[in-house]
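**Q** Input: one structure, supplied below.
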Amino acid sequence: MFGHGNKELDAAVRELADADTLAFGGVGFAGTLLPVTEAYREVERQLDAHPEQARRKVDRLLEHGSPAGRAYAATLLGRVDPAGARAAWESLRDEPAEFTAFGGCVMGRTTLGEYAAGQIAEG
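Oh and the sequence shown: position 39 is 38 in numbering that gives the first Met the number 0, straight run, nothing missing.
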């Protein structure tokens, strides 16, 4: 689904595509980094190192990823194309699928649509 080429990028995008959890930093009292967070950070690095290749993968992730994967993709898109990210968040506003989201040591469930609306409101 996500093609061939850069092994680190491919592995990171696969991890994000199947993600059921959204976490941008350490979670829990120990601040443990989840594999999906490490994958997100790898795609961030790849957007800097290989922008065209990484952007294509992020666009595909936005279309074909899990709900959490799609949220990661829209967030990543904001690094390179803020207008495209806003359009992505707008397109996700009505998505009812749920995922787990972490904010530090606090875990909760949200829908992709609720999360997208929050991102739009934050501007």
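Yeah, the Cβ is synthetic: ideal placement off N, Cα and C, and Gly gets one too.
Looking at the C-beta of GLN52, does it have a partner C-beta in chain B at a distance below 8 Å?
**A** The chain labelled as chain B is not found in the depicted structure, where only one protein chain is given.
**Q** Tell me whether ARG54, by its Cβ, gets closer than 7 Å to a heavy atom of the ligand GTP.
**A** With respect to small molecules bound, the structure shown includes none, and the ligand GTP cannot be examined in it.
**Q** Do you know how far the Cα of LEU61 is from the Cα of ILE119?
**A** As a position in the sequence shown, residue 119 is number 120, starting the count at 1. As a position in the sequence shown, residue 61 is number 62, starting the count at 1. Computed Cα separation, rounded: 16 Å.
**Q** Grab the span of the alpha helix (DSSP H) containing GLU94 for me, first residue to last.
**A** Counted from its first residue, the sequence shown places residue 94 at position 95. Premise fails: GLU94 is in no alpha helix (DSSP H) and is neither H nor E.
**Q** What residues are listed by DSSP as bridge partners for THR20?
**A** Position 21 of the sequence shown, counted from the start, is the residue given in the question as residue 20. Looking at the DSSP assignment, THR20 forms a beta bridge with THR99.
**Q** Rounded to the nearest angstrom, how far is the Cβ of ALA100 from that of THR109, given a contact under 8 Å?
**A** Here the question's residue 100 lines up with position 101 in the sequence shown. Here the question's residue 109 lines up with position 110 in the sequence shown. About 5 Å separates the two Cβ atoms, so the contact holds.
**Q** Going by other Cβ atoms of all chains shown within 10 Å of its Cβ, with 16 needed for buried, is PHE98 buried or exposed?
**A** Translated into positions along the sequence shown, residue 98 becomes position 99. By the neighbour-count rule (16 or more Cβ atoms within 10 Å), PHE98 is buried.
**Q** Please report how far the alpha carbon of LYS56 lies from the alpha carbon of GLY68, in whole angstroms.
**A** For this step, residue 56 is matched to residue 57 along the sequence shown. For this step, residue 68 is matched to residue 69 along the sequence shown. Using only the alpha carbons, I get a separation of about 12 Å.
**Q** Which of helix, strand or coil does DSSP assign to GLY107?
**A** Taking the sequence shown and counting its residues from 1, one reaches residue 107 at position 108. DSSP places GLY107 in strand when its eight states are reduced to three.
**Q** Which residues in the same chain as PHE28 place their Cβ atom closer than 8 Å to its Cβ, once the five residues preceding and following it in sequence are excluded?
**A** Translated into the one-based positions of the sequence shown, residue 28 becomes position 29. Counting only Cβ-Cβ distances below 8 Å, and skipping sequence neighbours, we find CYS104.
**Q** Counting only the same chain and skipping the five closest in sequence on each side, list residues whose C-beta sits under 7 Å from that of GLU113.
**A** Along the sequence shown, one-based indexing puts residue 113 at 114. Setting aside the 5 residues that flank it on each side, GLU113 has no residue in the same chain whose C-beta is closer than 7 Å to its C-beta.
**Q** Quick check: the Cα distance between THR20 and VAL12, rounded to an integer number of angstroms?
**A** Here residue 20 is taken as the residue at index 21 of the sequence shown, counted from 1. Here residue 12 is taken as the residue at index 13 of the sequence shown, counted from 1. Each residue's alpha carbon lies about 14 Å from the other.
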